[in-house]
Amino acid sequence: MKYRTLGKQKRKVSVLGFGAMRFPVHNGNDAEIQREPTIQLLHRAIDAGINYIDTAYVYHGGHSEQLVAEALSQGNYRHQTYVATKLPIWNVQKPSDFDQLLDEQLRNLRTEQIDFYLLHCLQRPEWNRLLQLGLLEWCDRVVKSGKVGELGFSFHDSFEMLEEIVHARDWSFCQVQYNLVNEHTQAGTRGVEFLHHQGLDVIVMEPLLGGTLAAPPEPIAKLYAEAGRDPVEIALLWLWEKQGISLLLSGMNTTEQLEQNLRLADMAGEGKLTPSDYELIAAVQQTYEKLSPIPCTKCRYCIPNCPQGVAIPDNFEMYNNAQTFGGSNLVLNHNLYHLLPSAQQASSCIQCGACAKHCPQSLPIPELLEKVVKLFA
Ligand SMILES: NC(=O)c1ccc[n+]([C@@H]2O[C@H](COP(=O)([O-])OP(=O)(O)OC[C@H]3O[C@@H](n4cnc5c(N)ncnc54)[C@H](OP(=O)(O)O)[C@@H]3O)[C@@H](O)[C@H]2O)c1
15 MKYRTLGKQK
25 RKVSVLGFGA
35 MRFPVHNGND
45 AEIQREPTIQ
55 LLHRAIDAGI
65 NYIDTAYVYH
75 GGHSEQLVAE
85 ALSQGNYRHQ
95 TYVATKLPIW
105 NVQKPSDFDQ
115 LLDEQLRNLR
125 TEQIDFYLLH
135 CLQRPEWNRL
145 LQLGLLEWCD
155 RVVKSGKVGE
165 LGFSFHDSFE
175 MLEEIVHARD
185 WSFCQVQYNL
195 VNEHTQAGTR
205 GVEFLHHQGL
215 DVIVMEPLLG
225 GTLAAPPEPI
235 AKLYAEAGRD
245 PVEIALLWLW
255 EKQGISLLLS
265 GMNTTEQLEQ
275 NLRLADMAGE
285 GKLTPSDYEL
295 IAAVQQTYEK
305 LSPIPCTKCR
315 YCIPNCPQGV
325 AIPDNFEMYN
335 NAQTFGGSNL
345 VLNHNLYHLL
355 PSAQQASSCI
365 QCGACAKHCP
375 QSLPIPELLE
385 KVVKLFA
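Quick note, this note's numbering runs 14 ahead of the 1-based positions in the sequence shown.
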């Protein structure tokens with residue numbers, strides 16, 4: 015495993031971190047983590063040198079932090095690992111909520127200090143609201159208290175918003191969504207370079223765009239096949255070549271994924287991609303742009319906020335598959351859509367917009383659900 019530094023204390027972190035948002039689950043139910051396989055995955059990851067685990071209050075219906083704590087409580091694993099978790103900023107309604115939530119997370123994680131703490135998904139409306147509640151004063155106080163080792167934020171807004179947040183205080187690090195098809199989305203390449211020049215270490219989330227880059231649609235799979243290259247390898251090595259990135263997080267949920275990503279992490283560094291790899295990447299980027307499916311990353315932040323229980327990411331996935339692959343896939347996804355319980359179908363959307371406020375991609379979800387309804391009607 016290769017290591018780079020992260021944060022003000024320059025702690026050595028593995029170039030590959032473990033994202034605790036996509037553990038294997040029972041019956042497709044996000045809140046029912048498969049406990050034993052997950053603990054084994056985490057232990058194998060740490061044994062292989064991964065020393066950074068990224069969880070959050072909300073992951074897996076609120077069970078991710080506890081499961082990470084359980085895995086780390088065994089053997090010497092806690093001492094070998096940095097734990098990162100995130101403050102669910104949308105749950106902060108009054109100033110005392112900051113401390114209450116953090117204390118609850120310390121208990122969930124069975125620790126005295128959270129090594130890396132992030133304000134989860136800072137976006138414009140929440141940022142302004144939290145400033146009113148004394149966010150910046152609380153940030154300074156909580157680092158001094160020792161309950162938090164390093165304080166940063168995760169980010170899904172525009173470059174302009176990123177600049178504003180970065181200049182507001184002396185943060186330790188920043189976590190951004192970044193991958194080879196998101197060069198111009200959210201922070202994008204400009205944002206990653208800006209953070210680096212500001213002296214802020216970058217953590218990358220969604221390096222495979224939630225897994226979609228690993229299983230590309232046919233025209234893109236063809237480009238990779240013709241070049242004899244593997245999409246996961248290209249996507250991860252592309253990121254590790256960039257300056258200023260301390261680590262990539264991947265939400266691995268099988269041993270095969272973990273082992274492949276561990277092998278790739280050993281290759282992390284500059285000069286691993288050839289000029290013909292960069293030509294391939296340019297062709298892949300252009301083809302994705304032409305296909306333009308709904309850029310949902312299946313993070314599921316929308317799910318708890320839908321009063322109707324619409325399975326928003328599943329609807330988008332079926333729509334994307336049907337649109338991108340066409341032919342028999344259109345029929346297959348049409349059938350899959352109609353197999354969903356009716357409450358979960360896009361047609362149950364009442365257009366209230368509660369979901370869209372929580373979408374890190376800022377997708378106009380109700381509008382897109384209408385497209386799904388039209389396609390599968
Ligand atoms: N702060 C935030 O706002 C925020 C938002 C999003 C994510 N995150 C954090 O960032 C972490 C990383 O993001 P992510 O989970 O979206 O990462 P990602 O690597 O883009 O996607 C993970 C998915 O990629 C697929 N995958 C991973 N390795 C693979 C391999 N070797 N071969 C084939 N498929 C592979 C799997 O998909 P399948 O499951 O389909 O097999 C896996 O679930 C999350 O787990 C979470 O901790 C934070």
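Where is the CB? At the ideal position from N, CA and C, for every residue including glycine. Quick caveat: nothing in here was measured; it's all calculated off a predicted structure.
Among residues of its own chain, excluding the 5 on either side of residue i, which ones have a beta-carbon nearer than 6 Å to its beta-carbon?
i    : result
L276 : A62
V218 : Y192, L253, I259 and L262
L222 : A228 and A249
S78  : A34 and T69
H372 : Y315, C316 and N319
Would you kindly report the start and end of the unbroken alpha helix (DSSP H) that includes residue i?
i    : result
G75  : Y73 to G76
F112 : P109 to N122
D291 : P289 to L305
L383 : I379 to F390
L237 : E232 to A241
Any heavy atom of ligand 1 closer than 7 Å to the beta-carbon of residue i?
i    : result
G171 : According to the sequence as given, residue 171 is Asp; it is not Gly. Checking every heavy atom of ligand 1 against the Cβ of D171, none is found closer than 7 Å.
N275 : yes
S28  : no
A182 : no
N267 : yes
D68  : yes
P374 : yes
L223 : yes
R92  : no
Q271 : yes
Q119 : no
G33  : yes
T311 : yes
K36  : Going by the sequence as given, residue 36 is Arg instead of Lys. Flag set: Cβ of R36 near ligand 1.
V298 : no
L165 : no
Along the chain, where does the beta strand (DSSP E) containing residue i start, and where does it finish?
i    : result
D171 : Taken as a continuous stretch (DSSP letters only), D171 belongs to no beta strand (DSSP E), as it is neither H nor E.
F130 : I128 to L136
V216 : D215 to M219
L262 : I259 to S264
L251 : First-last for L251: P245 to W254, but that is the alpha helix (DSSP H), not the beta strand (DSSP E).
When DSSP labels each residue in this structure, what does residue i get in the three-state scheme?
i    : result
R25  : strand
L101 : strand
C366 : coil
E12  : This structure gives no information on residue 12, because the portion of the chain shown stretches from 15 to 391.
D154 : helix
I179 : helix
R277 : helix
G283 : coil
F37  : coil
Q359 : coil
T95  : coil
R314 : coil
Y192 : coil
T203 : helix
G89  : coil
R143 : helix
I53  : helix
D68  : strand
Leaving out five residues before and five after residue i in sequence, what residues of the same chain have Cβ atoms less than 7 Å from its Cβ?
i    : result
Q274 : V246
S361 : V387
A282 : K16, V29 and W254
L214 : V180, W185, F187 and C188
C363 : Q322, V324, P380 and L383
Indicate, with yes or no, if ligand 2 has a heavy atom lying under 7 Å from the CB of residue i.
i    : result
C135 : As for ligand 2, it is missing from this structure, which binds only ligand 1.
Near residue i, what residues of its chain come up, given a Cβ to Cβ distance below 8 Å and the 5 sequence neighbours on each side ignored?
i   : result
L81 : A34, F37, I47, R49, T52, I53 and H74
Touch check for the region 348 to 363 and the region 283 to 295: three-plus C-beta pairs under 8 Å? no
For the region 94 to 101 against the region 60 to 74, do three or more pairs of beta-carbon atoms, one drawn from each stretch, fall closer than 8 Å, so that the two count as touching? Flag = yes, the region 94 to 101 and the region 60 to 74 touch.
I'd like to know if the region 48 to 57 and the region 18 to 27 are in contact, where contact means that at least 3 CB-CB pairs between them fall below 8 Å. no
Say whether the region 162 to 176 touches the region 197 to 208, bearing in mind that this needs 3 or more beta-carbon pairs closer than 8 Å, one atom from each stretch. Yes: at least three Cβ pairs fall under 8 Å.
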